[in-house]
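Student: Structure below; questions to follow.
There are 2 protein chains.
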Amino acid sequence: MYKIGELAQLCEIKTDTLRFYEKHGLLAPSSRTDAGYRIYTENDAARLRFILRAKAVGFTLNEITELLSIELDKSNWACADVKGLVDSKLEQVVARIAELNAFRSSLQNLSNACCGGPESAEHCSILDALETEQGLEKPLIKGVNHHNAIVKAER
Amino acid sequence: MYKIGELAQLCEIKTDTLRFYEKHGLLAPSSRTDAGYRIYTENDAARLRFILRAKAVGFTLNEITELLSIELDKSNWACADVKGLVDSKLEQVVARIAELNAFRSSLQNLSNACCGGPESAEHCSILDALETEQGLEKPLIKGVNHHNAIVKAER
DNA sequence: ATAAACCTTGGAGTTAAATCTAGGGTCAAG
DNA sequence: CTTGACCCTAGATTTAACTCCAAGGTTTAT
Chain A
1 MYKIGELAQL
11 CEIKTDTLRF
21 YEKHGLLAPS
31 SRTDAGYRIY
41 TENDAARLRF
51 ILRAKAVGFT
61 LNEITELLSI
71 ELDKSNWACA
81 DVKGLVDSKL
91 EQVVARIAEL
101 NAFRSSLQNL
111 SNACCGGPES
121 AEHCSILDAL
131 ETEQGLEKPL
141 IKGVNHHNAI
151 VKAER
Chain B
1 MYKIGELAQL
11 CEIKTDTLRF
21 YEKHGLLAPS
31 SRTDAGYRIY
41 TENDAARLRF
51 ILRAKAVGFT
61 LNEITELLSI
71 ELDKSNWACA
81 DVKGLVDSKL
91 EQVVARIAEL
101 NAFRSSLQNL
111 SNACCGGPES
121 AEHCSILDAL
131 ETEQGLEKPL
141 IKGVNHHNAI
151 VKAER
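Chains A and B are the protein sequences, given in the same order. To convert, note that position 32 of the first sequence is 32 in UniProt numbering; the numbers rise steadily by one, no gaps. To convert, note that position 55 of the second sequence is 55 in UniProt numbering; the numbers rise steadily by one, no gaps.
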């Protein structure tokens, strides 16, 4: 059981943000005290952590609402519906991971091309690194890649 | 050589967005016609694609500006500086990939737990899936994971 | 029993990133 | 030589996601 300030501190956000999430239907406290103070349960906190993680990973609050709506009325959904919605989000996540991997390899190329010494960076070019990586990009975007996790990053 | 509308169409953004990027120092056309029309080169287009990819992957325009600033005055930077900046961005990207992988596995758990049939989704819970995945989360965050690329997602 | 530190609501302000509007030039096709 | 599809600038508006403020009620520690 947390008061709003306690939960906020626990999750390193502002109380204002919690009230904002409530107003927008993402997270309502399970109850109120007689005086009207919001009371959040451990379950509410878990939900909040889910929201924050989804946010950190680039989902908008609207998308998160959509994800959480599964939770709210799950007894009214068929299992197949839930699976469908989750799997479509899962696809988005997988696609985003692929994009990130492509981007990471862009940066990696630049880092690799750079000697790292004290001399001028005349020959270090983000765009050069980009160009040389362009052929590499497509296979990353399309299809699941079991071998592109994280490429060795040394030197 | 592209006029603003051509480049916009090529990259599926609005001309307004290109002018906006120019105003904010992310991408200026290499030249103008006598009439004042913006003229973008292939190099400008590559820079734009870099911007769009970075954006898709969750970087803010300010962060992207910082990344691109390397390009602008690279001759005034030491190679070590460039490498430092790039490597720190690289760390951010790797961290984000880790977060996304954790999130993906959350969703995967839910999908797996869900029978996918026509019956009520009473027992499919995003939060349940979250709980059971909580122990799994930390090893993903810390350290490079060569084997967490993308887990089989079928069924 | 009172001050400090909480909490409440309603509404205004902020920031990032566009997106739109108004009022005009430019250019190629018929 | 005009019409429609472009382009220009400057500035206003929008949207998401907070963040802050005012005016007041509640709790807690001294």
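Note that beta-carbon positions come from the ideal geometry of N, C-alpha and C, so glycine has one too. Everything numeric in this text was worked out from a predicted model, so none of it was measured.
Rounding to the nearest angstrom, what Cα-Cα distance links B/GLU133 and A/LEU7 in this structure?
Tutor: Low local confidence applies: a pLDDT of 47 at B/GLU133 is under 50, so the model's placement there is unreliable, and no value is given.
Student: Could you name the residues of the same chain whose beta carbon sits closer than 6 Å to that of B/LEU27, not counting the 5 residues immediately before and after it, in chain order?
Tutor: Correct list, in chain order: TYR21, ARG47 and LEU48.
Student: When the Cα atoms are used, what is the spatial distance from B/ALA45 to B/PRO29?
Tutor: The straight-line gap from Cα to Cα measures roughly 9 Å.
Student: Please decide whether A/ALA102 counts as near chain B, where near means a Cβ-Cβ distance under 9 Å.
Tutor: Judged by the 9 Å Cβ criterion, A/ALA102 is in contact with chain B.
Student: Assess, as a yes-or-no matter, whether the region 74-90 of chain B is touched by the region 55-71 of chain A under the definition of 3 or more beta carbon pairs within less than 8 Å.
Tutor: No: the two stretches stay apart, fewer than three of their Cβ pairs being nearer than 8 Å.
Student: Considering A/PHE20, what are the terminal residues of the alpha helix (DSSP H) in which it resides?
Tutor: Residues 15-23.
Student: The region 49-70 of chain B: which residues have C-beta closer than 8 Å to a C-beta of chain A, in chain order?
Tutor: Per Cβ criterion, the list reads ARG49, PHE50, ARG53, ALA54, ALA56, VAL57, GLY58, LEU67, LEU68 and ILE70.
Student: So, does the CB of B/THR132 fall closer than 9 Å to a CB anywhere in chain A?
Tutor: Confidence is the limiting factor: at B/THR132 the pLDDT is only 49, short of 50, which leaves the residue's position unreliable, though a coordinate-based value still follows. No, B/THR132 does not count as interfacial toward chain A.
Student: Could you give the distance in angstroms between the alpha-carbon of B/LYS23 and the alpha-carbon of B/THR17?
Tutor: Their backbone Cα atoms lie some 10 Å apart in a straight line.
Student: Can you name the start and end residues of the alpha helix (DSSP H) that B/CYS11 belongs to?
Tutor: Note, B/CYS11: alpha helix (DSSP H), 4-11.
Student: Out of B/ASN109, B/PRO118, B/GLY84 and B/LEU107, point me to the one whose CA is closest to A/GLY116's CA.
Tutor: For A/GLY116, the nearest C-alpha among the options comes from B/GLY84.
Student: Do A/ILE39 and A/LYS14 have their CB atoms nearer than 9 Å?
Tutor: Taking 9 Å as the Cβ cut-off, A/ILE39 and A/LYS14 do not qualify as a contacting pair.
Student: Could you tell me the distance, in whole angstroms, from the CA atom of B/ASP34 to the CA atom of B/ARG53?
Tutor: Taking the straight line joining both Cα atoms gives about 32 Å.
Student: Of all the CB atoms in chain A, is at least one closer than 9 Å to the CB of B/ILE13?
Tutor: False, the Cβ-Cβ gap to chain A never drops below 9 Å.
Student: Our contact map puts B/SER111 next to A/ASP81 with C-beta atoms below 8 Å; I'd like the distance itself, whole angstroms only.
Tutor: At roughly 12 Å, the Cβ-Cβ gap does not stay under 8 Å, so B/SER111 and A/ASP81 are not in contact.
Student: Could you give the DSSP three-state label for A/ALA46: helix, strand or coil?
Tutor: DSSP places A/ALA46 in helix when its eight states are reduced to three.
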